[in-house]
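J.: Supplied in structure tokens, the structure appears directly below.
Numbering (the numbering used here), first residue to last: 77 to 378.
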């Protein structure tokens, strides 16, 4: 199949884009948790949805094919039992739900419809919602410390799957550099699961599964799997990456993008001949200069 995916310029014509409509994850923001989830305040979700819809409408009217992240994730989970199992095993592990509940929670999630599972992979899943969906939590209180410690199902902020509201910023968990994609190990723990959702889409969605493109990071093994064991040891975020054309990529070494990851991506690009040079912009390590695209952006070819 011909390569129909790629970003070859910061100022070229936009043909396809993945966006995320403000959703359940935004409704999870509260005055007590918004800092931990990297938001300055809670949002007026309905207004944010309206503004997002207007933005999508403008792009669609200009001929841009707009894909919703949540739709792609649900379709990928529906298309692949392997992808579904992989995601469930990673979000429900001994480290997230405890060894006393891991098998039961995995079995429960495996029976959830793909679109509903996708909704909760982004929007989060509370203990009370698991019960409403048929999980018998009370049954396990005598054998599970986590279940026993939950005094009331209405305990605020008790998530079986925490929300990832920063999914709204689709520029960050993955970005395309020429004819390949980089899925990012994010700087903050609150965002790292976004990469798992993006990898699920790029590996298992029918639109991408047989398409001709490269993975610059993480490297794809011969069996099609990815090793993400080093996620969290160093980070790279899409807001720091700009494929500016003529074989050149600009990458900001910022608060959220470290030298090791820049080297990893540069090495992959050079080995495939996808780029001739990588320009590194050394930035101050503070929130005001969070990403390269908060400092400057290209306006035209000149």
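C-beta atoms are modelled at their ideal positions from N, C-alpha and C, and glycine is treated no differently.
Quickly, what does DSSP pair residue 252 with across the bridge? List them, please.
T.: One-based indexing of the chain shown puts residue 252 at position 176. Per DSSP, 257.
J.: Whose CA, out of 367, 328 and 344, lies closest to the CA of residue 358?
T.: Residue mapping note: residue 358 aligns to position 282 of the chain shown, counting from 1. Out of 367, 328 and 344, 328 has the C-alpha closest to the C-alpha of residue 358.
J.: Over what stretch of residues does the alpha helix (DSSP H) that includes residue 136 continue unbroken?
T.: Working through the chain shown from its first residue, we reach residue 136 at position 60. Looking at the DSSP string, the run of the alpha helix (DSSP H) that includes residue 136 is 121 to 137.
J.: Which same chain residues, not among the five before or five after residue 125, have their C-beta less than 7 Å away from its C-beta?
T.: The residue labelled residue 125 in the question sits at position 49 within the chain shown. Excluding residues within five positions, the ones whose Cβ falls inside 7 Å are 97 and 98.
J.: With a Cβ-Cβ cutoff of 7 Å, do residue 289 and residue 242 count as a contact?
T.: Taking the chain shown and counting its residues from 1, one reaches residue 289 at position 213. Taking the chain shown and counting its residues from 1, one reaches residue 242 at position 166. Against a cut-off of 7 Å, the Cβ pair of residue 242 and residue 289 comes out as no contact.
J.: Since residue 211 sits in a beta bridge, which residues does DSSP pair it with?
T.: Locating residue 211 in the chain shown gives position 135, where the first residue counts as 1. In DSSP, residue 211 forms no bridge with anything.
J.: Determine the extent of the beta strand (DSSP E) in which residue 329 is found, giving its start and end residues.
T.: The residue you call residue 329 lines up with position 253 of the chain shown. It spans 324 to 329 - the beta strand (DSSP E) in which residue 329 sits, taken as one unbroken run.
J.: Once you ignore the five residues that flank residue 165 on each side, which residues in its own chain have a CB closer than 8 Å to its CB?
T.: Looking up residue 165 in the chain shown gives position 89. Cβ neighbours of residue 165 beyond the five flanking positions: 182.
J.: What do you reckon, are the CB atoms on residue 237 and residue 167 nearer than 7 Å?
T.: Translated into positions along the chain shown, residue 237 becomes position 161. Translated into positions along the chain shown, residue 167 becomes position 91. Contact flag set, yes.
J.: Would you report the Cα separation of residue 153 and residue 146, rounded to the nearest angstrom?
T.: Taking the first residue of the chain shown as 1, we reach residue 153 at position 77. Taking the first residue of the chain shown as 1, we reach residue 146 at position 70. For residue 153 and residue 146, the distance between alpha carbons rounds to 11 Å.
J.: For residue 221, which residues does DSSP report across the bridge?
T.: Here the question's residue 221 lines up with position 145 in the chain shown. Looking at the DSSP assignment, residue 221 forms no beta bridge with any residue, so it has no partner.
J.: On a CA-only basis, which of 180, 114, 104 and 92 is nearest residue 264? Give me that one, please.
T.: Residue mapping note: residue 264 aligns to position 188 of the chain shown, counting from 1. Checking every option, the nearest Cα to that of residue 264 belongs to 114.
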